[in-house]
Each structure stands twice: as C-alpha cells, then as structure tokens.
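Chemist:
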Amino acid sequence: MSPHSKILGRLPGLRHFIEVAQLGSFRAAADKLHVAPSAVSKQIKNLEFALDVELFRRDRGRGGLELTEAGEILVRRCASVVNELTIAQDEIHQLQGLQRGHLRLGVNEVLASDLLPGILRDMSYNHPGLQFTIVVENSREIFTRMQDGDIDIALGYNFPPSPEIETFATLKRRTYVVTALDHPMARLRSVRLKDIEGEKMIFPDHSIPIRHLLEDAFTQSNVTVREVMNTNSFTLLRQMVESGMGIGIVVGRFLQIRREKIAFIELQDLPFDSPPAACCRLAGRTPTASSVAFAAAIKTIFANYGG
C-alpha cells in the first residue's frame with residue numbers, strides 16, 4: 002500500500018472520491034478498494050452531502066462518470082492535501098526516531114570535554130527517550146569504528162581524506178603554546194618556535210598525528226626542546242602544564258565548558274596548517290534522525306565561532 006493510500010485510508014470519503022475520479026467508475030473504484038460498489042456510492046454521497054455540491058455528473062450512461070466543476074476543484078485540492086499529509090507523516094516519523102532513537106558518536110577527547118556536554122544535555126532534555134553511546138578515541142580509531150558501523154557520526158581532528166567521508170561542518174582552530182599562569186611566556190599574546198628553544202616540553206605521543214607535525218617543525222626551524230613527558234591524553238597534558246611540569250602545544254582552546262588555569266599563547270610560525278575540527282559520517286548511508294539532529298547542533302555551534 003502506498004503512503005498516500007495509508008493516509009487516505011483514514012479519510013475514507015476522500016479516498017473513495019479520488020479513486021472514482023481517477024478511474025471514472027464506481028465499480029472500478031470498488032474493485033480496487035475491495036468493497037461493494039454500493040459502499041463507494043454511499044461514501045461519495047456522504048461527501049457530496051457534507052460539501053453541499055454534486056461532484057460527478059451521473060447521466061453519461063456507458064460513457065463513464067464526469068467530474069463537475071466542484072469535483073475538479075476538489076481533485077486539485079486533494080492532491081495538495083495528500084502531499085501535506087505525507088510531509089507531516091514523514092516529520093512525525095522523524096520525531097518518533099528522536100524519541101526512541103540511539104545516537105552512536107565517536108569523538109576526540111578535548112572536544113568530548115568541551116562541546117559535547119552541552120549538546121548532549123540539550124538533546125536529552127528535548128528528547129528524553131533518546132539513548133547515547135559515546136566513544137572517546139583518537140581520530141584513526143574513530144574512523145575505523147565508523148567504517149565498521151559501530152558509530153554513526155564522528156567529531157574530531159585529522160580524519161583521513163577519503164571519498165567515504167561526508168563532512169557536515171568544519172571549524173578552523175588556531176595552535177597555541179600552553180603554559181602555567183606563572184610561566185614567563187604566560188603574559189605574551191603570541192610566540193614563534195624560536196621563543197620556546199630549550200623549554201621543557203610535554204608532547205602528545207606518536208599515536209597522535211600532530212606529534213609528527215611538531216617534530217618536523219622543530220627540525221625545520223632548528224629548535225631544540227627538552228621532552229619531559231608524552232601522553233595520548235590531552236586532558237592529562239593540560240593538567241601537567243597547569244602543574245608547572247612543562248609547556249605544551251595544542252590545537253584550539255575550549256569554546257564552551259571549561260575554563261582552565263593555564264595560559265594560551267598563539268604559535269604563529271608553524272610550517273603546517275592547524276587541522277580543523279570536523280563533524281562527519283560515512284557517505285552513502287541513510288542518516289538516523291538522532292545523527293541528523295546532532296549534526297545540526299554542531300553546524301550551529303561551528304557557525305557561531307566562524308566555521
């Protein structure tokens with residue numbers, strides 16, 4: 002049964018009228034609807050009584066029924082009504098998907114701490130039946146999980162360029178040196194690589210792409226730093242910077258949630274472009290209602306910050 006038939010099934014008078022108008026015969030309409038011709042005739046008469054007009058000329062003998070002018074108007078209007086009802090039905094199904102849906106999201110650690118809590122709080126408030134599965138991982142692992150179908154949508158940095166990926170929104174981020182508030186550089190607005198010569202450095206580990214970019218940048222600039230720690234956790238990196246153990250280099254400041262007791266000093270002369278934050282999913286797959294709602298929220302936030 003077509004979507005139109007399902008909708009019109011709830012409006013029997015109109016459904017019978019449209020079938021008769023299209024087929025030009027009460028009997029043909031009755032056969033299609035699997036009812037008696039008398040039932041079709043009764044529905045049409047009820048509709049004509051309600052509208053106080055004749056919809057068909059019934060004096061054409063074997064030539065078939067012919068719509069009156071009022072009938073022609075009703076046919077045109079019915080097409081518009083059915084179209085609007087179909088759209089409404091689709092929107093209701095989307096709403097039901099959000100009420101009972103499941104958002105499976107892969108996200109990088111810093112963005113999970115920054116953007117995610119506010120979005121999830123709002124989605125949970127607006128759609129209390131929605132369930133969330135959040136995987137916090139590096140971009141490589143998130144991409145693999147997306148390929149395997151374990152997550153619906155990804156939010157992070159440095160996703161590999163691929164025709165498999167459909168990107169909804171991006172946000173350009175700056176690169177910063179981060180220091181404790183009592184560090185001599187903390188009062189500066191910007192620095193260059195040569196300004197951090199000899200500093201104790203807390204690096205991201207080699208599983209994170211920016212580590213390799215930073216090593217190449219130091220080599221090209223002939224700058225030497227002292228590595229005191231490396232970690233795959235940017236949260237821990239920032240905490241140890243705050244403690245005064247060393248300085249670090251990160252992409253982006255927190256936008257919404259946390260205010261840290263560290264200084265962000267823009268690093269200006271890097272030989273590479275800072276990777277943008279990106280929200281994406283695998284192309285060619287039908288998105289879930291929950292992933293569409295999440296992508297819309299991310300688009301709004303990125304747009305607010307110039308994405």
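2 is the number of the first residue of the sequence shown in the numbering used here; add one for each residue after it.
Note that beta-carbon positions come from the ideal geometry of N, C-alpha and C, so glycine has one too.
The structure displayed is predicted, hence computed values, not measured ones.
#1: I'd like the span of the beta strand (DSSP E) that includes Thr-289, first residue to last.
#2: CB-CB under 6 angstroms to Arg-105, same chain, minus the five flanking residues each way: which ones, in chain order?
#3: Between Ala-218, Leu-182, Gln-148, Val-224, which has its C-alpha nearest Met-241's C-alpha?
#4: Give the DSSP-derived three-state secondary structure of Thr-145 in the structure shown.
#5: According to DSSP, is Ile-302 part of a helix, a strand, or is it coil?
#6: Who are Leu-68's beta bridge partners in DSSP?
#7: Report yes if the C-beta of Leu-15 is less than 6 angstroms from at least one heavy atom of the ligand GTP; otherwise report no.
#8: Please classify Arg-138 as buried or exposed, where buried requires at least 16 neighbouring CB atoms within 10 angstroms.
#9: Taking only three categories from DSSP, how would you classify Ala-297?
#10: With a threshold of 7 angstroms on Cβ separation, who are the neighbours of Leu-112 within its own chain once the five nearest residues in sequence on each side are excluded?
#11: Quick test of your reading: Arg-188 and Glu-267, contact by CB under 8 angstroms. State the CB separation rounded to the nearest angstrom.
#12: Looking only at its chain, what residues have a beta carbon closer than 8 angstroms to the beta carbon of Leu-52, apart from the 5 residues adjacent to it on each side?
#13: So, for Gly-102: in the same chain, excluding its five sequence neighbours on each side, which residues have a beta-carbon less than 7 angstroms away from its beta-carbon?
#14: Rounding to the nearest angstrom, what Cα-Cα distance links Val-226 and Tyr-126 in this structure?
#15: Going straight from the alpha carbon of Leu-9 to that of Arg-286, what length do you get?
#16: Over what stretch of residues does the beta strand (DSSP E) that includes Gly-249 continue unbroken?
#17: Spatial neighbours of Glu-20 within its chain, please: C-beta separation below 7 angstroms, excluding the five flanking residues on both sides.
#18: For Phe-273, tell me which candidate among Asn-223, Asp-217, Cys-281 has the shortest Cα-Cα distance.
#19: Mapping the DSSP letters down to three states, classify His-213 as helix, strand or coil.
#20: Using the Cβ count rule (16 or more neighbours within 10 Å means buried), how would you classify Asp-149?
#21: Closer than 7 angstroms by C-beta to Ala-304: which residues in its own chain qualify, once you throw out the five before and the five after it? Chain order, please.
#22: Kindly indicate the opening and closing residues of the alpha helix (DSSP H) around Ala-40.
#23: If we call anything under 7 angstroms between Cβ atoms a contact, is Ala-284 one with Glu-142?
#24: Using the beta-carbon count (16 or more within 10 Å), is Ser-140 buried or exposed?
#25: How long is the line joining the alpha carbons of Pro-205 and Val-178, rounded to whole angstroms?
#26: Note down, in chain order, each residue of its chain lying with its Cβ closer than 8 angstroms to the Cβ of Glu-261, except the 5 sequence neighbours on either side.
#27: For Asn-109, count neighbouring C-beta atoms within 10 Å of its own C-beta (all shown protein chains included) and say buried if the count is 16 or more, exposed if not.
#28: Is the CB-CB distance between Gly-249 and Val-229 below 7 angstroms?
#29: If you drop the 5 nearest sequence neighbours on each side, which residues of the same chain put their C-beta closer than 6 angstroms to that of Phe-235?
#30: Let me know if Ala-37 comes out buried or exposed under the rule of 16 or more other beta-carbons within 10 Å of its beta-carbon.
#31: Secondary structure at Leu-182, three-state DSSP: helix, strand or coil?
#32: Which one or two residues does DSSP pair with Arg-227 in a beta bridge?
Modeler: With the given structure in hand:
#1: Start at 1 with the first residue of the sequence shown, and residue 289 comes out as number 288. Unbroken run through Thr-289: none, as it is neither H nor E.
#2: For the purposes of this step, residue 105 is taken as residue 104 along the sequence shown, with counting starting at 1. Sequence-distant Cβ neighbours of Arg-105 in its own chain, meaning closer than 6 angstroms and more than five residues away, are Thr-134, Ile-152, Asp-153.
#3: Taking the sequence shown and counting its residues from 1, the one referred to as residue 241 is at position 240. The shortest C-alpha separation from Met-241 is found at Leu-182.
#4: The residue given as residue 145 occupies position 144 in the sequence shown. Here Thr-145 sits in helix by DSSP.
#5: For the purposes of this step, residue 302 is identified with residue 301 of the sequence shown, where counting begins at 1. If DSSP states are grouped into helix, strand and coil, Ile-302 belongs with the helices.
#6: Along the sequence shown, read from residue 1 onward, the residue named residue 68 stands at position 67. Its beta-bridge partners are Phe-57.
#7: The ligand GTP is not part of this structure, which contains no ligands at all.
#8: Within the sequence shown, numbered from 1, the residue matching residue 138 stands at position 137. Correcting the residue type first, residue 138 is Glu in the shown sequence and not Arg. Answer is buried; the Cβ neighbour count reaches 16.
#9: To locate residue 297, count along the sequence shown from 1; it is residue 296. Looking at Ala-297 - three-state DSSP - the assignment turns out to be helix.
#10: Sequence index remark: in the sequence shown, residue 112 carries index 111 (1-based). Taken in chain order, the residues that qualify are Leu-156, Gly-157, Ala-278.
#11: By one-based count along the sequence shown, residue 188 stands at place 187. By one-based count along the sequence shown, residue 267 stands at place 266. Their Cβ separation, rounded to whole angstroms, is 13 angstroms, which puts Arg-188 and Glu-267 out of contact at 8 angstroms.
#12: Translated into positions along the sequence shown, residue 52 becomes position 51. The residues are Ala-71, Leu-75.
#13: Taking the first residue of the sequence shown as 1, we reach residue 102 at position 101. Closer than 7 angstroms at the Cβ level, and outside the excluded window around Gly-102, lie Leu-131, Thr-289, Ala-290, Ser-291.
#14: Locating residue 226 in the sequence shown gives position 225, counting from the first residue. Locating residue 126 in the sequence shown gives position 125, counting from the first residue. Taking the straight line joining both Cα atoms gives about 48 angstroms.
#15: Taking the sequence shown and counting its residues from 1, one reaches residue 9 at position 8. Taking the sequence shown and counting its residues from 1, one reaches residue 286 at position 285. Here the model assigns Leu-9 a pLDDT of 45, short of 50, so the residue's position is not dependable, and the following value carries that caveat. For Leu-9 and Arg-286, the distance between alpha carbons rounds to 31 angstroms.
#16: On the sequence shown, residue 249 is found 248 positions in, with the first residue counted as 1. Its beta strand (DSSP E) spans residues 249 to 252.
#17: Taking the sequence shown and counting its residues from 1, the one referred to as residue 20 is at position 19. If we look at Glu-20 and ignore the five residues flanking it on each side, its Cβ neighbours are Ala-30, Lys-33, Leu-34.
#18: Stepping through the sequence shown from its first residue, residue 273 is reached at position 272. The candidate whose alpha carbon is nearest that of Phe-273 is Asp-217.
#19: On the sequence shown, position 212 is the one that residue 213 refers to. Helix, per DSSP.
#20: For this step, residue 149 is matched to residue 148 along the sequence shown. Answer is exposed; the Cβ neighbour count stays below 16.
#21: As a working mapping, residue 304 is identified with position 303 in the sequence shown. Correct list: empty, nothing qualifies.
#22: Mapped onto the sequence shown, residue 40 falls at position 39. That run of the alpha helix (DSSP H) goes 38 to 52.
#23: Residue mapping note: residue 284 aligns to position 283 of the sequence shown, counting from 1. Residue mapping note: residue 142 aligns to position 141 of the sequence shown, counting from 1. Contact: no.
#24: By 1-based counting over the sequence shown, the position of residue 140 is 139. So Ser-140 counts as buried.
#25: Residue 205 sits at position 204 when you count from the first residue of the sequence shown. Residue 178 sits at position 177 when you count from the first residue of the sequence shown. Rounded to whole angstroms, Pro-205 to Val-178 spans 13 angstroms at the Cα level.
#26: The residue labelled residue 261 in the question sits at position 260 within the sequence shown. These residues qualify, in order along the chain: Arg-239, Glu-243, Phe-255.
#27: The count along the sequence shown starts at 1 and reaches residue 109 at position 108. Asn-109 should be labelled buried.
#28: Within the sequence shown, residue 249 is the residue found at index 248, counting from 1. Within the sequence shown, residue 229 is the residue found at index 228, counting from 1. Their beta carbons are not under 7 angstroms apart, which means Gly-249 does not touch Val-229 by this criterion.
#29: Your numbering for residue 235 matches position 234 in the sequence shown. Closer than 6 angstroms at Cβ, skipping near neighbours: Glu-110, Val-111.
#30: Walking along the sequence shown from the start, residue 37 turns up at place 36. Exposed is the call here.
#31: Numbered from its first residue, the sequence shown carries residue 182 at position 181. Leu-182: coil per DSSP, three-state reduction.
#32: The residue labelled residue 227 in the question sits at position 226 within the sequence shown. Paired residue(s): Lys-201.
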